[in-house]
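Reminder that position 110 of the sequence shown reads as 109 in numbering that gives the first Met the number 0, one-by-one numbering, no gaps. We put the beta carbon where it would ideally sit given N, CA and C, even for glycine. Note that this is a predicted model, so its numbers are computed, not measured. Note sheet for the following structure.
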Amino acid sequence: MTEVRDNTPLPQRARELLERLRSARSFFDLAGRAEELTRLREQSSRPGFWNDPARAQDVMRRSAAIEDVTNRHQHLERELSEAAEMASVFADDDSTLSELAEQLARLDRELTALEERGLFRSPEDTRPAILQVHAGAGGVDSCDWAEMLLRMYTRYVEMQDLKHRILSLQQDDVAGIKDASIEVFGTNAYGLLKSEHGVHRLVRASPFDASGKRHTSFAAVSVLPEVEDVEVELNPDEVRVDTFRAGGHGGQNVNKISSAVRLTHEPTGIVVVCQNERSQVQNKQNAFKILRARLYERARQEQEAERRKLEAGKTDIAWGHQIRSYVLFPYQLVKDHRTDVESHNVETVLAGEIEPFVLAWLKAQATAGR
Numbered sequence: 000m001t002e003v004r005d006n007t008p009l010p011q012r013a014r015e016l017l018e019r020l021r022s023a024r025s026f027f028d029l030a031g032r033a034e035e036l037t038r039l040r041e042q043s044s045r046p047g048f049w050n051d052p053a054r055a056q057d058v059m060r061r062s063a064a065i066e067d068v069t070n071r072h073q074h075l076e077r078e079l080s081e082a083a084e085m086a087s088v089f090a091d092d093d094s095t096l097s098e099l100a101e102q103l104a105r106l107d108r109e110l111t112a113l114e115e116r117g118l119f120r121s122p123e124d125t126r127p128a129i130l131q132v133h134a135g136a137g138g139v140d141s142c143d144w145a146e147m148l149l150r151m152y153t154r155y156v157e158m159q160d161l162k163h164r165i166l167s168l169q170q171d172d173v174a175g176i177k178d179a180s181i182e183v184f185g186t187n188a189y190g191l192l193k194s195e196h197g198v199h200r201l202v203r204a205s206p207f208d209a210s211g212k213r214h215t216s217f218a219a220v221s222v223l224p225e226v227e228d229v230e231v232e233l234n235p236d237e238v239r240v241d242t243f244r245a246g247g248h249g250g251q252n253v254n255k256i257s258s259a260v261r262l263t264h265e266p267t268g269i270v271v272v273c274q275n276e277r278s279q280v281q282n283k284q285n286a287f288k289i290l291r292a293r294l295y296e297r298a299r300q301e302q303e304a305e306r307r308k309l310e311a312g313k314t315d316i317a318w319g320h321q322i323r324s325y326v327l328f329p330y331q332l333v334k335d336h337r338t339d340v341e342s343h344n345v346e347t348v349l350a351g352e353i354e355p356f357v358l359a360w361l362k363a364q365a366t367a368g369r
């Protein structure tokens, strides 16, 4: 977080902050946001708007996000203008200047928070997210790595005051997980997680190898915006539904009935498995939620490819195309290969402190106009 400099005269500090705010107008795209807000308000005023509650909630959520950024910008501009004027008028009043210094420090923090909030421009950023972690090739080490990543993300989600619940979790017979899906709710849930889409690489001395040799493991992370039923055409006749008994460690049955659900979307070959809930009905609902999100993402990528606007920064999930490396041995380093942001405090990163990586990627995308 950017702090004001103590050795800078207060009038100059105030002017610099005000200029920083005003120069960010184009970055915030306030004019574009105002036009979008007008369109959203027109939609919400139409008769029958609430006949589709899911769509209505999406419109209201996006409207609230735009209004929040706009109102914060106006509030900061007003306070900084007043602070700049006071700094000039009371240049010799130590008591007033002391209070003003505290005010400018607070406004600097608020401006930094606003700049970060301005990174969430896409309507999808405000949606809930579905985050999936899949173990790659590498046996038990990769399964253990997948579980470490899932733990990192759940802690990051909690640090961001977001909520999550497990949709599906498939444990490995020895250690770790083969794959997992979680649903994340809260302000800008998808926007705060979309940077994590891609392959994550771990280098360490394997705890499962007595020789202590260095091992490289991979896990793939998929981040999808949650979509409502109306946004994806899903023909039930094209989905094969299989049920089976949920299995635990060592292959034992968790329950005596076939509560686990496997969906196969025959036109695309997409397969979704959910077995975390004891209820077959709940597992089926969760599986369809994930399937809709994956179909939506597939359709969106195809559309972008046709327009030749496929996001260059969103690498396909494929081994050898890792977006970030986590090295625990023979040295300690986490490096994002898209932004070159690094951290030598690997344990802190794995404990959920990934915000510097997230913000750097979002800023790079905003700078590139994506």
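CB of histidine 163 within 8 Å of CB of isoleucine 181, strictly | yes
Give me the Cα-Cα distance between proline 122 and serine 257, rounded to the nearest whole angstrom.
-> 39 Å
Which value, in whole angstroms, describes the spacing of the CA atoms of serine 44 and valine 68?
-> 22 Å
So is aspartate 315 buried or exposed if we call it buried at 16+ other beta carbons inside 10 Å?
-> Any reading at aspartate 315 is ruled out, since the residue's pLDDT is 46, under 50, leaving its predicted position unreliable.
Cα separation between asparagine 282 and alanine 218?
-> 24 Å
Would aspartate 124 pass as a contact of asparagine 187 if the rule is Cβ separation under 8 Å?
-> yes
Which residue comes first and which comes last in the alpha helix (DSSP H) that contains tyrosine 152?
-> 139 to 158
Please report the Cβ distance between arginine 293 and leucine 223, rounded to the nearest whole angstrom; I am assuming they are in contact, meaning their Cβ atoms lie under 8 Å.
-> 6 Å
Among the residues of its own chain, which have a CB less than 6 Å from the CB of leucine 118, if the five just before and after it don't count?
-> Leu361, Ala365
Residue burial classification, histidine 199 (beta-carbon count within 10 angstroms, cutoff 16) = buried
May I ask you to report which of helix, strand or coil DSSP gives tyrosine 295?
-> helix
Residue burial classification, histidine 74 (beta-carbon count within 10 angstroms, cutoff 16) = exposed
Rounded straight-line distance, which links the Cα of glutamine 131 to that of arginine 299 | 18 Å
Endpoints, the beta strand (DSSP E) within which aspartate 241 is located = 238 to 243
Pull up the DSSP beta-bridge partners for phenylalanine 184, would you.
-> Lys162
In the structure shown, what three-state DSSP assignment does alanine 359 receive?
-> helix
Out of Leu166, Thr338, Glu276, point me to the one whose CA is closest to lysine 288's CA.
-> Leu166
Top-ranked residue by Cα proximity to tyrosine 330, from Val238, His343, Glu265, Arg244 = His343
According to the Cβ coordinates, are arginine 291 and leucine 233 closer than 8 Å?
-> yes
Quick one: residues in its chain with C-beta nearer than 7 Å to the C-beta of valine 326, no 5 flanking neighbours on either side, listed in chain order?
-> Val202, Leu332
List the DSSP bridge partners of threonine 263.
-> Arg239, Val270
Cα-Cα separation between arginine 105 and arginine 24, rounded to whole angstroms = 20 Å
Just confirm the distance between the C-beta atoms of valine 183 and valine 226, as a whole number of angstroms; I'd bet it's less than 8 Å.
-> The pair is not a contact, with the Cβ atoms about 14 Å apart (cut-off 8 Å).
For glutamate 115, which residues of its own chain have a beta-carbon under 7 Å away from its beta-carbon, when the five flanking residues on both sides are left out?
-> Leu358
If you draw a straight line from the alpha carbon of alanine 13 to that of glutamate 66, how long is it in whole angstroms?
-> 25 Å
Completely contained alpha helix (DSSP H) runs for the region 184 to 227, where each covers 4 or more residues | 188 to 192
Is it right to say threonine 338 is buried, meaning 16 or more other beta carbons lie within 10 angstroms of its own, or is it exposed?
-> buried
So which of Pro235, Gly185, Val173 has the shortest CA-CA distance to proline 206?
-> Val173
Keeping to the same chain, check which residues put their C-beta closer than 6 Å to that of tryptophan 49; ignore five residues upstream and five downstream.
-> Ala55
Who does arginine 323 pair with in a DSSP beta bridge?
-> His199, Asp335
What does a CB cutoff of less than 7 Å around leucine 79 pick up in its chain, not counting 5 residues either side in sequence?
-> Ala13, Leu16, Leu17, Leu20, Leu106
Look at the alpha carbon of phenylalanine 328 and the alpha carbon of arginine 213, and state the distance between them as a whole number of angstroms.
-> 7 Å
C-alpha gap between threonine 7 and aspartate 140, whole angstroms | 52 Å
Pairwise C-alpha distance: valine 260 and glycine 185 | 28 Å
Reducing DSSP to helix, strand and coil, say where glutamate 310 ends up.
-> For glutamate 310, the predicted structure reports a pLDDT of 38, less than 50, and the residue's modelled location is therefore unreliable. A value from the coordinates is still provided. If DSSP states are grouped into helix, strand and coil, glutamate 310 belongs with coil.
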